[in-house]
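If you read the sequence shown in the working numbering, its first letter stands for residue 32, the second for the next number, and so on.
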Amino acid sequence: MTKLRRLLQDASYLHLIDRSEQALAKVLGLVLLVVMVAGTVQLIGAVALAVVQPDTPWLGSKLNSVLGDLLTLLIAIEVLQNITSYLRRHVVQIELVLLTAMTAVARKVIVLPPGAESKPQLLAGLGVAVLALAGAYWLVRSLSLRKPPSRTGPAIRFREQDR
Numbered sequence: 032m033t034k035l036r037r038l039l040q041d042a043s044y045l046h047l048i049d050r051s052e053q054a055l056a057k058v059l060g061l062v063l064l065v066v067m068v069a070g071t072v073q074l075i076g077a078v079a080l081a082v083v084q085p086d087t088p089w090l091g092s093k094l095n096s097v098l099g100d101l102l103t104l105l106i107a108i109e110v111l112q113n114i115t116s117y118l119r120r121h122v123v124q125i126e127l128v129l130l131t132a133m134t135a136v137a138r139k140v141i142v143l144p145p146g147a148e149s150k151p152q153l154l155a156g157l158g159v160a161v162l163a164l165a166g167a168y169w170l171v172r173s174l175s176l177r178k179p180p181s182r183t184g185p186a187i188r189f190r191e192q193d194r
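Structure representation (structure tokens):
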């Protein structure tokens, strides 16, 4: 019972939560790294196979597919940077998250299938997403240039008792 009571005290509990977050971020980073390596090997294999075949139409859907796969791997790299940044600084860097989201929307625009111009709602939605992300990035960036971040490390407890 005393171990449970000690665990539920603020300092011990925060330490447990902080350690759990770090362990989970490390596991997620490792899983993402394995997926990225497998995706890269698969992409290299697909491109090598397509290069060997002389009748591969590179200027059609094949190029769109390769670009989509490349951009997906770049987005995965950005997500891995988000994870490693969190492990280093114990802070989620919103600028990096917004840049990753902008890359994902740009990927979607680049790999739009033929005939997408006949879907004005889709194009308008992507346009609104780009504007919203760009506006959010500008706002966060302008605020972060004015003042330093308020939290730069893990939560710590104060030695003084509350009055």
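By construction, the Cβ of each residue, glycine as well, lies at the ideal position given by its N, Cα and C atoms. Source: prediction; values computed, not measured.
State buried or exposed for residue i, treating a residue as buried only when at least 16 other CB atoms are found within 10 Å of its CB.
i            : result
leucine 164  : buried
leucine 174  : exposed
leucine 129  : buried
arginine 194 : In this predicted model, arginine 194 has a pLDDT of only 47, less than 50, meaning its place in the structure is not dependable; the value taken from the coordinates is given anyway. Counting Cβ neighbours within 10 Å, arginine 194 comes out exposed, since fewer than 16 surround it.
aspartate 41 : exposed
arginine 177 : exposed
leucine 47   : exposed
Cβ of residue i within 7 angstroms of Cβ of residue j?
i           : j           : result
valine 136  : alanine 160 : yes
glycine 91  : valine 142  : no
arginine 50 : leucine 102 : no
leucine 153 : valine 140  : no
Under the assumption that residue i contacts residue j (Cβ atoms under 8 angstroms), give the Cβ distance between them as a whole number of angstroms.
i           : j              : result
leucine 63  : isoleucine 114 : 7 angstroms
valine 78   : valine 97      : 6 angstroms
leucine 104 : glycine 70     : 6 angstroms
leucine 118 : glutamine 73   : Their Cβ separation, rounded to whole angstroms, is 27 angstroms, which puts leucine 118 and glutamine 73 out of contact at 8 angstroms.
Cβ contact (3+ pairs, closer than 8 angstroms) linking the stretch 101-114 and the stretch 49-63: yes
The stretch 115-124 in contact with the stretch 77-97 per 3-pair CB rule at 8 angstroms: no
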